[in-house]
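First the structure, in the form of structure tokens, and then the observations on it.
Number of protein chains: 2
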Amino acid sequence: MKLSQKVQDCSLSPMRKYHPFAVDAESCGKKIYHLNIGQPDIPTPPQFFEAVRAYSQQVLSYAASPGMPDLIGAIQRYYRRLGVNYKEEDILVTAGGSEALFMTMLCILDEGSEVIVPEPFYPNYHTFITAAGGKIVPMATYPEENYNYANRERLEALITEKTRAILITNPNNPTGNSLTEKQLRLITKVARDHNLYLVCDEVYREFVYDHDKIFCAGKYRDIDQNIVIIDSVSKRFSSCGARIGMIISRNRELMAQALKFCQGRLCTATLDQIGAAALYSVGPDYFRKVKEEYRRRRDVCYAKLSQIPGVICSEPKGAFYMMAKLPIDNAELFQTWLLTDFEDRGETVMFSPGSGFYATEGKGIDEIRIAYVINEEDLSRAMDLLALAIEQYNNR
Amino acid sequence: MKLSQKVQDCSLSPMRKYHPFAVDAESCGKKIYHLNIGQPDIPTPPQFFEAVRAYSQQVLSYAASPGMPDLIGAIQRYYRRLGVNYKEEDILVTAGGSEALFMTMLCILDEGSEVIVPEPFYPNYHTFITAAGGKIVPMATYPEENYNYANRERLEALITEKTRAILITNPNNPTGNSLTEKQLRLITKVARDHNLYLVCDEVYREFVYDHDKIFCAGKYRDIDQNIVIIDSVSKRFSSCGARIGMIISRNRELMAQALKFCQGRLCTATLDQIGAAALYSVGPDYFRKVKEEYRRRRDVCYAKLSQIPGVICSEPKGAFYMMAKLPIDNAELFQTWLLTDFEDRGETVMFSPGSGFYATEGKGIDEIRIAYVINEEDLSRAMDLLALAIEQYNNR
Numbered sequence: 068m069k070l071s072q073k074v075q076d077c078s079l080s081p082m083r084k085y086h087p088f089a090v091d092a093e094s095c096g097k098k099i100y101h102l103n104i105g106q107p108d109i110p111t112p113p114q115f116f117e118a119v120r121a122y123s124q125q126v127l128s129y130a131a132s133p134g135m136p137d138l139i140g141a142i143q144r145y146y147r148r149l150g151v152n153y154k155e156e157d158i159l160v161t162a163g164g165s166e167a168l169f170m171t172m173l174c175i176l177d178e179g180s181e182v183i184v185p186e187p188f189y190p191n192y193h194t195f196i197t198a199a200g201g202k203i204v205p206m207a208t209y210p211e212e213n214y215n216y217a218n219r220e221r222l223e224a225l226i227t228e229k230t231r232a233i234l235i236t237n238p239n240n241p242t243g244n245s246l247t248e249k250q251l252r253l254i255t256k257v258a259r260d261h262n263l264y265l266v267c268d269e270v271y272r273e274f275v276y277d278h279d280k281i282f283c284a285g286k287y288r289d290i291d292q293n294i295v296i297i298d299s300v301s302k303r304f305s306s307c308g309a310r311i312g313m314i315i316s317r318n319r320e321l322m323a324q325a326l327k328f329c330q331g332r333l334c335t336a337t338l339d340q341i342g343a344a345a346l347y348s349v350g351p352d353y354f355r356k357v358k359e360e361y362r363r364r365r366d367v368c369y370a371k372l373s374q375i376p377g378v379i380c381s382e383p384k385g386a387f388y389m390m391a392k393l394p395i396d397n398a399e400l401f402q403t404w405l406l407t408d409f410e411d412r413g414e415t416v417m418f419s420p421g422s423g424f425y426a427t428e429g430k431g432i433d434e435i436r437i438a439y440v441i442n443e444e445d446l447s448r449a450m451d452l453l454a455l456a457i458e459q460y461n462n463r
Numbered sequence: 068m069k070l071s072q073k074v075q076d077c078s079l080s081p082m083r084k085y086h087p088f089a090v091d092a093e094s095c096g097k098k099i100y101h102l103n104i105g106q107p108d109i110p111t112p113p114q115f116f117e118a119v120r121a122y123s124q125q126v127l128s129y130a131a132s133p134g135m136p137d138l139i140g141a142i143q144r145y146y147r148r149l150g151v152n153y154k155e156e157d158i159l160v161t162a163g164g165s166e167a168l169f170m171t172m173l174c175i176l177d178e179g180s181e182v183i184v185p186e187p188f189y190p191n192y193h194t195f196i197t198a199a200g201g202k203i204v205p206m207a208t209y210p211e212e213n214y215n216y217a218n219r220e221r222l223e224a225l226i227t228e229k230t231r232a233i234l235i236t237n238p239n240n241p242t243g244n245s246l247t248e249k250q251l252r253l254i255t256k257v258a259r260d261h262n263l264y265l266v267c268d269e270v271y272r273e274f275v276y277d278h279d280k281i282f283c284a285g286k287y288r289d290i291d292q293n294i295v296i297i298d299s300v301s302k303r304f305s306s307c308g309a310r311i312g313m314i315i316s317r318n319r320e321l322m323a324q325a326l327k328f329c330q331g332r333l334c335t336a337t338l339d340q341i342g343a344a345a346l347y348s349v350g351p352d353y354f355r356k357v358k359e360e361y362r363r364r365r366d367v368c369y370a371k372l373s374q375i376p377g378v379i380c381s382e383p384k385g386a387f388y389m390m391a392k393l394p395i396d397n398a399e400l401f402q403t404w405l406l407t408d409f410e411d412r413g414e415t416v417m418f419s420p421g422s423g424f425y426a427t428e429g430k431g432i433d434e435i436r437i438a439y440v441i442n443e444e445d446l447s448r449a450m451d452l453l454a455l456a457i458e459q460y461n462n463r
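Chains as they are written, first to last, in this note's numbering: chain S, 68 to 463; chain U, 68 to 463.
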């Protein structure tokens, strides 16, 4: 039976492929500190569950294809507080940021179209772009430069006549890079000058640690036709399981096309949309506390990590991830060994091996991505385990 | 800004495109009988809401990418009662039957691949197949033959070297056709003999009115590699807003590829999966009552409709739809007129114009699809409105 070339060109998730080893380790009683998946442990605001529990209709009906008006209204108010005005028709509710990304790529990519993506990047971008018929053109970044990609020359060097878009994640998963407004502005100008879409994945928007200015690429009105914002409630409100995201753009033509896909899949889950609308009622206090919590974790993680001999990393500025280069041969083998061979007092640790975050063959082999999504004490222990494991692994 | 050819080749939903006219009509105080969308009014079993309300974890986390084990277990037990044994790995939970269909098409279609689909068909098939790079090859069916498509010669006449799959809906939306076991068996043999996928959309499985035998194409073990079942809780349990569906296949290679997409979009909504698992605990009494309700509606709908002078239709055997040919020039114009110009005692009616259900240009222009998803009394009134409207429309 034939399978499509595009699906064969896609990959399994590097974050999820060690799952079977983890299951085996846990069934043997081993405790695993999970730093491999961006699944926060921060409680979901109770407003979500209260709104869902209050649903009193007898029939769980389809919602409107573009999204429920209450949710869209809540999103509009949230953006207005950031100083960005969106109309109702600028927003399409999707099944997580994932569907928002995939729909966007389906709308803008033909067979062989290219998307410039700073490397390392969120691996599922590869799936969405490949499945839509496109190709990632990676732009190299360097740990020594804090993985900065706001570089006109390097971006322009990659633009061809097949380029349709630049896709950025700000703040960044996996590097923790966070753009300044000046850097973001520079990238918007590159997109504008070359008539490219600028797809801005801003799902970690609130999680920036070296300033308090929260901004959105949607504020630059000279590139309304270029910018597509990908957003989601998953990280912002620690509600990954709700699968509520959105495409936001003032490009009417693009949104009219995306609506075809929205109608094709009918709607996103009704109850989750109701819960998500309620999430937007949390006050600034919520964000302040969550951000402080992540900042402390970042500090613990970075401090401990930079003390491990031979580890190369730089202080992450946003999101809740960081990349680190380890003094080992191969992070994939090391991760497997951590699950199958290593333990200290019955405990081990999981990361995401780095190569899955690169499109360039051979890159990231000795790197890992750490998601600092567990409490400080556990994080500290996890870093100690890492230090111990590196030593044992290299002396095995 | 460039848009992809595939999205431009997709269409807006014919079921949803009269929505703005309906909003206008309702805002003027007009009452509309909605027979245009397959949104049942049958209450969702309370088990769904009870399970959702009982969720007591603090964090709404990602679920497993292939689906939650409890839900997959419930689905396995449901199929076992139908006499079909599926392993856990034969099932992938998706965001409705919609995502199941789209993922399947992404896995099996390359640019220019063909899928044979009996016509008229569920219009969103066009979106999923087109977005995946493929093309629908429609197979003509005839109201005089009850829209039967179990015809080896006619199917084989359409097979080319580009054909990858036959896609059937059984029971059928929009025609109400329901295959006998013998007819289904014939189609499975055509797929087997030509080494094609047979994608069976069986989301209306329980809704058959001329026999009590519920069956699934998955029971034919000689075509394990060919058959992909598309299923959903939406219609079976009147829970369209849950967006829980599934891909079911014993083709290991195909399922391994589909898992890449499941991982790419991380998971389907956690609470809805928990609710959906509980739905499968309803007893046979639930199905009996629901089926009786729909049978009565079908009887009212068909009896009234066949009395309208000039209407051509045949008795539907399954699902909750029927197609009818009206003695009017153009069903699209007629539908618009129903919303903008017609009323009787402040009431009007909505259907889905037929042409959206056909790929062949010019077909279905004087046909409509009726979804008999409202109670008998309202349905009867809606049919009276239709009769009156046809007369007035032709005399206007």
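Every residue gets a Cβ at the ideal spot worked out from N, C-alpha and C, and that includes glycine.
All values reported here derive from a predicted model rather than from experimental measurement.
query: Let me confirm a value: K356(S) is counted as buried when at least 16 other C-beta atoms fall within 10 Å, else exposed. Which label applies?; result: exposed
query: Taking 8 Å as the cut-off, decide whether the C-beta atoms of C368(U) and Y439(U) are in contact.; result: yes
query: For R147(U), name the three-state secondary structure that DSSP assigns.; result: helix
query: Kindly give me the distance between the Cβ atoms of T197(U) and C77(U), rounded to whole angstroms, as I take these residues to be in contact under 8 Å.; result: 5 Å
query: For N103(U), count the other beta carbons within 10 Å of its own beta carbon; 16 or more makes it buried, fewer makes it exposed. Which is it?; result: buried
query: DSSP three-state call for K98(U): helix, strand or coil?; result: strand
query: May I ask you to list, following chain order, the residues of the stretch 102-120 of chain S that have a beta carbon less than 8 Å from some beta carbon of chain U?; result: I104, Q106, P107, D108, I109, P110, T111, F115, F116, V119, R120
query: Closer than 8 Å, CB to CB, is I175(S) near chain U or not?; result: yes
query: Which residues does DSSP pair with E360(U) in a beta bridge?; result: DSSP, once it has assigned bridges, lists no residue as partnering E360(U).
query: In the DSSP assignment, the alpha helix (DSSP H) including R219(S) goes from what residue to what residue?; result: 219-223
query: In whole angstroms, give me the CA-to-CA distance for P112(S) and N461(S).; result: 44 Å
query: Are the CB atoms of V74(S) and C174(U) within a distance shorter than 8 Å?; result: yes
query: How is V160(S) classed by DSSP in three states: helix, strand or coil?; result: strand
query: Which residues does DSSP pair with G465(U) in a beta bridge?; result: It is not possible to answer for residue 465(U), since the shown part of chain U is limited to 68 through 463.
query: Write down every uninterrupted run of the alpha helix (DSSP H) in the stretch 346-398 of chain U whose length is 4 residues or greater and which is fully enclosed by it, in chain order.; result: 351-374
query: Examine the Cβ distances between the stretch 272-290 of chain S and the stretch 247-260 of chain S and report whether three or more of them are shorter than 8 Å.; result: yes
query: CA-CA distance, D352(U) and E359(U)?; result: 11 Å
query: Count the other C-beta atoms from every protein chain shown that fall within 10 angstroms of the C-beta of S94(S), then say buried if there are 16 or more, exposed otherwise.; result: exposed
query: Going along chain S, which residues have a C-beta under 7 Å from A130(U)?; result: G308
query: Let's test the definition: count the other Cβ atoms within 10 Å of the Cβ of V266(S) and tell me whether it reaches 16, buried, or not, exposed.; result: buried
query: Kindly say whether R332(U), judged by its beta-carbon, lies nearer than 8 Å to any beta-carbon of chain S.; result: yes
query: Within a Cβ cutoff of 7 Å, which residues of the same chain sit near Q459(S), ignoring the five residues on either side of it in sequence?; result: F409
query: Going by DSSP, what residue range makes up the beta strand (DSSP E) through T242(U)?; result: Per DSSP, T242(U) belongs to no beta strand (DSSP E) and is neither H nor E.
query: Within 10 angstroms of the Cβ of R144(S), are there 16 or more other Cβ atoms? Answer buried if so, exposed if not.; result: exposed
query: Can you give me the C-alpha to C-alpha distance between L127(S) and Y216(S), rounded to a whole angstrom?; result: 45 Å
query: Does any CB atom of chain U fall closer than 8 Å to the CB of T227(S)?; result: no
query: For Y214(U), which three-state DSSP category applies?; result: coil
query: Any idea which residues DSSP pairs I437(S) with across the strands?; result: M389(S)
query: I'd like the span of the beta strand (DSSP E) that includes C267(U), first residue to last.; result: 264-268
query: Are the stretch 310-318 of chain S and the stretch 282-302 of chain S touching by the rule of at least three beta carbon pairs closer than 8 Å?; result: yes
query: Taking the straight line between their C-alpha atoms, what separation do you get for Q330(S) and D157(U)?; result: 28 Å
query: Buried or exposed for K154(U), please, with buried defined as at least 16 other CB atoms from any protein chain shown within 10 angstroms of its CB.; result: exposed
query: With a threshold of 16 other CB atoms inside 10 Å of the CB of Q136(U), please say whether the residue is buried or exposed.; result: Note on residue identity: the sequence assigns Pro, not Gln, to residue 136(U). Exposed, because fewer than 16 other Cβ atoms sit within 10 Å of the Cβ of P136(U).
query: Near F116(U), which residues of its chain fall below 8 Å by C-beta distance, leaving aside the five closest residues on each side in sequence?; result: G342
query: What residue does the alpha helix (DSSP H) around T194(S) start on, and which one ends it?; result: 191-198
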